[in-house]
Amino acid sequence: MVRPGTLRGHLALPYVLLILAVMLVLGAYLVIAARTLYTDRLSEQLETQARLVGEIVGPDLEAGKGVAEIDPVLERLHREIGPRVTIIAADGVVVGDSGVPGVPAENHGQRPEVLAALRTGTGIARRMSVTTGGEFLYVAVALRDPPGAVSRVALPLSEVDAAVWRIQRDIVIAAFSASLLAVGVAVFVAGRIAKPLDDLRRQAHAVAAGRLDVSVEPAATKEIGELGRAFNTMVAELRRSMEETDRSRSRMEAVLASLSDGVIITDREGVVAQVNDAAARMLGTDTTEAMGQPFMLISRDHELAALLRSALTSHSPATITVEHGLRRRMLEVSAQKVIGIREELGLVVLRDVTDLRRLEAVRREFVANVSHELRTPLASIKALVETLEAGAVDDPSVALDFLGRIVGEVDRLAALVDELLDLARLESGRVNLRWQALEPVDLVVRAVQRLRPQIDRAGLNLMVDVPQGLPLVRADRARVEQVLLNLVHNAVKFTPAGGLIRVSGDVDDGMLRVDVHDSGAGIPKDEQRRLFERFYKADRARRSEGSGLGLAIAKHIVQAHGGTIAVESEPHHGATFSFTLPLVPGEQSPDGDQADPGGAGTP
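Just so we're aligned, residue 1 is where the sequence shown starts under our numbering, counting upward by one.
Structural data, given as structure tokens:
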């Protein structure tokens, strides 16, 4: 179907209109030409017939015959040739007329065709017949014999018009048929040209809609075929470019998603165009909600917004550290302007340095604690040595006492250094554990019994509650005993005389769980989370002379075994330290009797 405005319409309609106009003009011309040609030939035919009639009737006129003799001849000629036949004498009197035989007619000497025939030899006229009242085509011929007489034939114009109309009808039918054929050819040719272009248009719309799996069939026409092949090449290149772009975007998104640092990309107006998960977490927002929002809105911090504005208006990057949000996280934020090919972007990088600052504080505290722990025995040794130098060395009893103290301080320093080295090896994973399958009862009882004298001197009660027949544990005996010694030793230090220390063990969730409970002063909640830090000591109620490394070492030993260590305590209700150890694979958990070695189960 040809519609205006389409390519097929633009191609076909001008040709159709041109063909119709040409056929209309040509048809009109042919109609007029056919009418004229037919009239001319009919006039020539009538002239011939008029001459023939004159030659036949001429002798009768010279013989002086009248209407009675001539009319029958004319009637016979009329029947043979068809047209009306009239003979006009030189004086204009009608001497015979096949149209009205026997009826006297008025003088025809002044008829146009008669006058023209007398003047030129032949006269032609189209007019109404005064005699018959009909419209005729008259052709008159002057006779040579007798001179002045005129032979005239007439044909009704209705017959002439009917013949001309038939010719015109045939011409119109032929012109209409030719027009239909020409229009059909024009539409067909336009379709041949427009169809591949229309297919190209549809595929171009598909590409614009995001479909890159389309292609066109190149047309047979060279130019349009080359256009189709160029379109297919363009789509293939676009598909390759889009795939490369998608790969680059996926890589960038993967990189941004895997970064621990937060990354935000904005346009030159500060509207967020890209944000990774780390940045969303740091700012307490969502990546989807942040897209398209002003940076000020998602950062909710005037310092960060001012930092980005400053970076976008200058070419130098800037970095600040701010305390952000209700959680008071320390963020190190840098912003700079990135100039691309067609746009300017803002790049904001956020780094959560809260843990780093905390570790830095722990490092400073560690250095301070180590310095303090080293300074105290060194100061004592220095004072003792100076006293000896001042003359106390001459007093044997005093010298021996001071030397003993010096040896004690040196031992304290050596123990501190050993603990530091031991902790460093544990933290770095450079400790080789000697794995053994151990009986839980034997493991716990041996460690606790080593501190029995100290427990008795402190006036404390000890209870060991470990069932017999527990599954074997996979552990390093010396290291686990070190953990138990640290925990029980802490319980002894912080439990007043008459208190109770209870060591129990049982299988819990596929692990051996060991609990060391004391009835001492307890530990405040806010200090429990730091108990396993190096050199950390609880409040004054639990202060001691220890280095503060015991619990840190115990934690790393337990973790090296694949277990966990924790504390539960409330002020004035004692404390319970618990740790777990893995069982030997395949070991079951049979029921057994409780072990109370050496009567230790009785307070």
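Glycine is no exception: its CB is placed at the ideal position from the N, C-alpha and C atoms.
All values reported here derive from a predicted model rather than from experimental measurement.
- Assignment of S314 by DSSP, reduced to helix, strand and coil, places it in the coil class.
- The shortest C-alpha to C-alpha distance from L583 to any of A174, G228 and V514 is the one to V514.
- Counting the other CB atoms within 10 Å of its CB gives Q110 a total below 16, which places it among the exposed residues.
- Each residue's CA atom was taken as its position, placing N486 and R446 some 14 Å apart.
- Spatial neighbours of I167 in its own chain (CB-CB distance under 7 Å, excluding positions within 5 residues in sequence) are listed in chain order as A34 and Y38.
- When secondary structure is reduced to three states using DSSP, V114 falls in the helix class.
- With respect to the 8 Å criterion, Q436 and A475 are classified as neighbours on the basis of their beta carbons.
- In terms of Cβ geometry, V441 and V503 do not form a close pair [threshold 8 Å].
- Taking the Cβ atoms as the reference, D267 lies roughly 36 Å from L200, outside the contact range of under 8 Å.
- Residue burial annotation: Y138 is buried, with at least 16 other C-beta atoms found within 10 angstroms of its C-beta.
- Cβ contact annotation for V275 (same chain, cutoff 6 Å, sequence separation greater than five): I264, T287 and A290, in chain order.
- Take the alpha-carbon of Q203 and the one of V185: they are about 27 Å apart.
- With a cutoff of 8 Å on beta-carbon distance, G262 and A279 are scored as near each other.
- Spanning the alpha carbons of L259 and L297 requires a straight line of approximately 23 Å.
- The DSSP-derived three-state label of F532 is coil.
- Contact check between the stretch 521-533 and the stretch 393-405: fewer than three CB pairs, one atom from each, fall below 8 Å, which does not count as touching.
- DSSP, read as helix, strand or coil, puts E269 in coil.
- Under a 10 Å Cβ-count criterion, E323 is classified as exposed, with fewer than 16 other Cβ atoms of the shown protein chains found around its own Cβ.
- Between P377 and L347, the C-beta spacing is not below 8 Å.
- Under the 8 Å Cβ criterion, the stretch 79-97 does not count as touching the stretch 171-180, having fewer than three qualifying pairs.
- For Q454, the number of other beta carbons within 10 angstroms of its own is below 16, and it is reported as exposed.
- For G228, the uninterrupted alpha helix (DSSP H) run begins and ends at K222 to S258, by DSSP.
- The straight-line gap separating the alpha-carbon atoms of V67 and G123 is approximately 23 Å.
- Relative to A50, the option among A140, A162 and R530 whose CA is nearest is A140.
- Exclusion of the five residues before and after A361 leaves no residue of its chain whose Cβ lies closer than 7 Å to its Cβ.
- By the Cβ rule, the stretch 91-100 counts as touching the stretch 63-77, because three or more pairs are nearer than 8 Å.
- Looking only at G270, L256, H561 and G292, the smallest Cα-Cα distance to L308 is reached by G270.
- When secondary structure is reduced to three states using DSSP, K65 falls in the coil class, being assigned neither helix nor strand.
- A Cβ-Cβ contact shorter than 8 Å links V488 with L451.
- By the neighbour-count definition (other C-beta atoms within 10 Å, threshold 16), P196 is a buried residue.
- Closest in C-alpha terms to F136, from the list V172, A257, R126 and L420, comes R126.
- Taken in chain order, the unbroken stretches of alpha helix (DSSP H) that lie wholly in the stretch 372-455 and span 4 residues or more are 396-428 and 440-449.
- In terms of Cβ geometry, V31 and I56 do not form a close pair [threshold 8 Å].
- Note on R119: under 16 other CB atoms within 10 angstroms of its CB, so exposed under the neighbour-count rule.
- Taking the Cα positions, P147 is about 11 Å away from I88.
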